[in-house]
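Peer 1:
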Amino acid sequence: MDAAARHRHGDTAPDHELTTLLALAGMSHKALAKRINELAELRGVSRRYTHTSVANWCRRGMAPRAPAPALIADALSERLARRVTVGETGLAGPGDLPGPAGDGPSFPRTTSVALTEAAEFWSPVKRRDVLSAAPFSAGAFSTPFLRWLIEPADPAGGARSGGGPRVGEGDVRELRQAAEDVRHWDSRYGGGSWRSTPMPALLYERAAPLLRGTYGEDVGRQLFAAVSQLARLAGWIAFDAGDDRAAQRHFVRALRLARAAGDRPLGAYVLTTMAMQSLLRGHPDEAVDMAQGAHEQAGGREAAAVRGFAKLIEARAHARLGDERAACRSLARAEELCAHDRQGQDAPEWIDFFNRARIVTDAVEVFRDLGRPRAALGWDRLAALPANRYTRCHGMRLAVVSSAHLQRGALDEALAAGRQSVAVLRTVRSARAAEHLRTLGSHLGQWRNVPQARSLLAELRPAS
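With the working numbering, the residue at position 369 of the sequence shown is 937, and numbering never jumps.
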C-alpha cells in the first residue's frame, strides 16, 4: 500500500517499498538518516533524523513531512546510481504529484535560494535526472536574461553563517586558480578532453561546501564571483563537448552567482557566452538581444573588454542574419572598445583573450558568413592568436579560411588550409571544432569529383 492510500485510510501499514529499496542499496537506517540530514542542509533546511525515524517509516508506515520524501529519493538515487522517484519509496502523499516541468533552470530572486539551487544542481544525481537527453532550448534563457537585465547586481548580502567551513581569501584564490588552469587547458585541448570533463565534480565537491560555509560580506562576494567563473567554465566545456542543455543550466547558475557577487562585468561576460551558444544553435535574433543587453549593463570604462566582447558576438549574430551593415557597425565598436581597454585599467584575467587577434579571428567568420570571402581573407592576414595556447580556435579559424577560399573558387588554397585545420584539431576533443569541419566538408562537396578534394573529404569524415 502506498503512502497516498495510507493517508486516505489512516492506516500505518509497513512501507515495503522503502524497505526493499534500502535492502537493494545496502543502506542502513542510520546511513539513510545521516544522508537525509546532509541533503537537507544543502537546501538550507534543518533536519535531525535518526535511525529510529527511518525505522518508523519502514515498519510503522509513518510518512515524514516535506521535504523528507524527496530527500530520501535523492539519497537512494545516489546509492543505486539511478533515479529513484518519491513514488517508488511509497512516500508519495496526495499533494506530492509532480507539476508541469519548466522549460529551463530557474533564476531565484533571493541569494540564499540561488546558492541552495546551485549546490543541489551540481549533485551528480540531480544532473542526471534533469539533463538526460535534453536538447537546447532558447526559451530556457528568457527569464534569467530578463531578471539579470532588470537587476544585474544584488544589494549587499554576501555574508553567511552556515554550518560549513569558515571560508577565507585563500579558498577563493584556490577556486580562481582552478578556473584559470581549466580555461587554458580547454583552449588547447577542448571541452571533451580528460582534464576538462571533471568540472561539475569540482563544483559539487569543492565549491558547493564553501557556499554553505561561513564568511563575511567581502569574502562572500569574492566567493560568489569565483564560483560563477567555475560554473561558466563548466557550461562552456559542456557546450564545447556537445552537451547543450547541461551548458545552459551551468550558464544560468553562473549568471545568478555573478549577480549575487555584485559583479556586473562578470555577469555581462556570462550573458555574452549564453548569446554565443544561442547563436551557434541557430537563434541569432536571441543572440543579438542578449549581446546588446550585456553591452549595456556591463558597466563603464572599467568593463571595456567585456563590452567589446559582447559587440563582437553581436557582430557574428548579425552576420548570420545577413545584416552586413549592423555586423560591420558592431565589429567597429568592438575594435574601439578593445583600444580603450588597452589604454585603461587591466582587464580581469578571465577576459584576457579579448584582443586584436581575437577580433580578427571572429571577423574572418563574420565576412565568410556574409558571403564576402575577399574581405574575410583580408582580415585573416592581419593577426593571429598564438596557436600553442589557442589550439582549438586556431584550428577552427583554418577551417573557416578554407571555406572562404572555396567561396571564391580557389580550390588549391582551400585544400591547403583544410588539411592544416584537420592536422591542428587532431589533438582537440570538441564538438564545436567537429561542426566547423562538417561545415567545411559540406562546402567542399561540390568538388567531390576532384581527386585532391576527395582525399580531404576522406580526412574530414572521421575528424567530424
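Glycine included, every Cβ here is placed at the ideal spot set by N, Cα and C. Fair warning: this is a prediction, and the values are worked out from it, not measured in the lab.
For Thr840, which three-state DSSP category applies?
Peer 2: Three-state result, Thr840: helix.
Peer 1: What is the C-beta distance between Ala708 and Gln816, in whole angstroms, given that I count them as a contact (C-beta under 8 Å)?
Peer 2: Indeed they touch by this definition, with Cβ atoms about 5 Å apart.
Peer 1: Residue range of the alpha helix (DSSP H) that Ser971 falls in?
Peer 2: Here the alpha helix (DSSP H) through Ser971 covers 959–975.
Peer 1: Look up Thr618 in the DSSP assignment and say whether it is helix, strand or coil.
Peer 2: Coil at Thr618, not helix or strand.
Peer 1: With respect to 7 Å, is the separation between the Cβ of Gly861 and the closest non-hydrogen atom of the ligand SAM below this value?
Peer 2: With respect to the ligand SAM, the structure offers nothing, as it holds no ligand at all.
Peer 1: So, are the CB atoms of Leu974 and Val990 less than 8 Å apart?
Peer 2: No, these two residues do not count as a Cβ contact at 8 Å.
Peer 1: Taking the alpha carbon of Leu1028 as the reference point, which residue from Ala972, Gly963, Ala978 has its own alpha carbon closest?
Peer 2: Among Ala972, Gly963, Ala978, the Cα nearest to that of Leu1028 belongs to Gly963.
Peer 1: By the DSSP assignment, the alpha helix (DSSP H) with Thr1007 in it spans what residues?
Peer 2: Counting along the chain, the alpha helix (DSSP H) containing Thr1007 begins and ends at 999–1012.
Peer 1: Is the segment 925–942 in contact with the segment 891–903, if contact means three or more CB pairs nearer than 8 Å?
Peer 2: Touching, yes.
Peer 1: CA-CA distance, Ala972 and Gly939?
Peer 2: Their Cα atoms are separated by approximately 8 Å.
Peer 1: Based on the DSSP secondary-structure assignment, which residues constitute the bridge partners of Arg821?
Peer 2: Answer is none; Arg821 lacks a bridge partner.
Peer 1: Taking the CB atoms as reference points, tell me whether Trp625 and Pro632 lie closer together than 8 Å.
Peer 2: Contact: yes.
Peer 1: Is there contact here, the segment 798–806 with the segment 780–787, by at least three beta-carbon pairs under 8 Å?
Peer 2: Too few Cβ pairs lie closer than 8 Å, so no.
Peer 1: Tell me, please, whether the segment 862–880 touches the segment 741–751 by the rule of three or more beta-carbon pairs shorter than 8 Å.
Peer 2: As far as the Cβ criterion goes, the segment 862–880 does not touch the segment 741–751, which means the pair count is below three.
Peer 1: Which of helix, strand or coil does DSSP assign to Pro1030?
Peer 2: Looking at Pro1030 - three-state DSSP - the assignment turns out to be helix.
Peer 1: Considering only residues of the same chain and omitting the five flanking positions on each side of Arg677, which have a CB-CB separation below 8 Å?
Peer 2: Contacts found: Arg715.
Peer 1: Buried or exposed: where does Pro852 fall if 16 or more other Cβ atoms within 10 Å of its Cβ makes it buried?
Peer 2: With 16 or more Cβ atoms within 10 Å of its Cβ, Pro852 is classed as buried.
Peer 1: Do you know offhand how far Met767's Cα is from Arg888's?
Peer 2: Answer to the nearest angstrom: the Cα atoms are 31 Å apart.
Peer 1: To the nearest angstrom, how far is the alpha carbon of Ala828 from that of Gln797?
Peer 2: Computed Cα separation, rounded: 13 Å.
Peer 1: Judging by CA-CA distance, which residue of Tyr757, Leu847, Ala999, Trp753 is the nearest neighbour of Asp808?
Peer 2: Considering only alpha carbons, the answer is Ala999.
Peer 1: Residues in its own chain within less than 7 Å of Glu917 by CB, not counting five upstream and five downstream?
Peer 2: Glu748, listed in sequence order.
Peer 1: On the three-state DSSP scale, how would you describe Pro1019?
Peer 2: Three-state DSSP puts Pro1019 in a helix.
Peer 1: Could you give the DSSP three-state label for Arg647: helix, strand or coil?
Peer 2: Correct three-state label for Arg647: helix.
Peer 1: For Thr678, which of helix, strand or coil comes out of DSSP?
Peer 2: Here Thr678 sits in coil by DSSP.
Peer 1: Please classify Arg628: is it buried, with 16 or more other beta-carbons within 10 angstroms of its beta-carbon, or exposed?
Peer 2: Result: exposed.
Peer 1: So what does DSSP say about Thr782, is it helix, strand or coil?
Peer 2: Three-state DSSP puts Thr782 in a strand.
Peer 1: For Arg734, write down the residues that DSSP places opposite it in a beta bridge.
Peer 2: In the DSSP output, where bridge partners are listed per residue, Arg734 has Thr782.
Peer 1: What residue from Arg960, Val820, Ser970, Ile927 has the CA that sits closest to Leu950's CA?
Peer 2: Looking at the Cα atoms, Ile927 is the closest of the given residues.
Peer 1: Given that a residue counts as buried once 16 or more other Cβ atoms are within 10 Å of its Cβ, and exposed if not, what is Thr657?
Peer 2: So Thr657 ends up on the buried side.
Peer 1: Using CA coordinates, which residue listed in Thr679, Ala855, Phe877 is at the minimum distance from Leu791?
Peer 2: When only C-alpha atoms are compared, the closest one is Thr679.
Peer 1: Quick one: does Phe819 have its CB under 8 Å from some CB of chain D?
Peer 2: Among the chains of the structure shown, chain D does not appear; only one protein chain is present.
Peer 1: State yes or no: is the C-beta of Phe819 within less than 8 Å of the C-beta of Met842?
Peer 2: Contact: yes.
Peer 1: Would you mind sorting Asp980 into buried or exposed? The rule is 16 or more other CB atoms within 10 Å of its CB.
Peer 2: Exposed, since its Cβ has fewer than 16 Cβ neighbours within 10 Å.
Peer 1: Among all the DSSP beta bridges, which residues are the ones paired with Arg987?
Peer 2: Per DSSP, none; premise fails for Arg987.
Peer 1: Taking its Cβ as the centre, do 16 or more other Cβ atoms sit within 10 Å of His584, making it buried, or is it exposed?
Peer 2: Exposed, by the Cβ-count rule.
Peer 1: Report buried or exposed for Pro733, applying the criterion of at least 16 other Cβ atoms within 10 angstroms of its Cβ.
Peer 2: Result: exposed.
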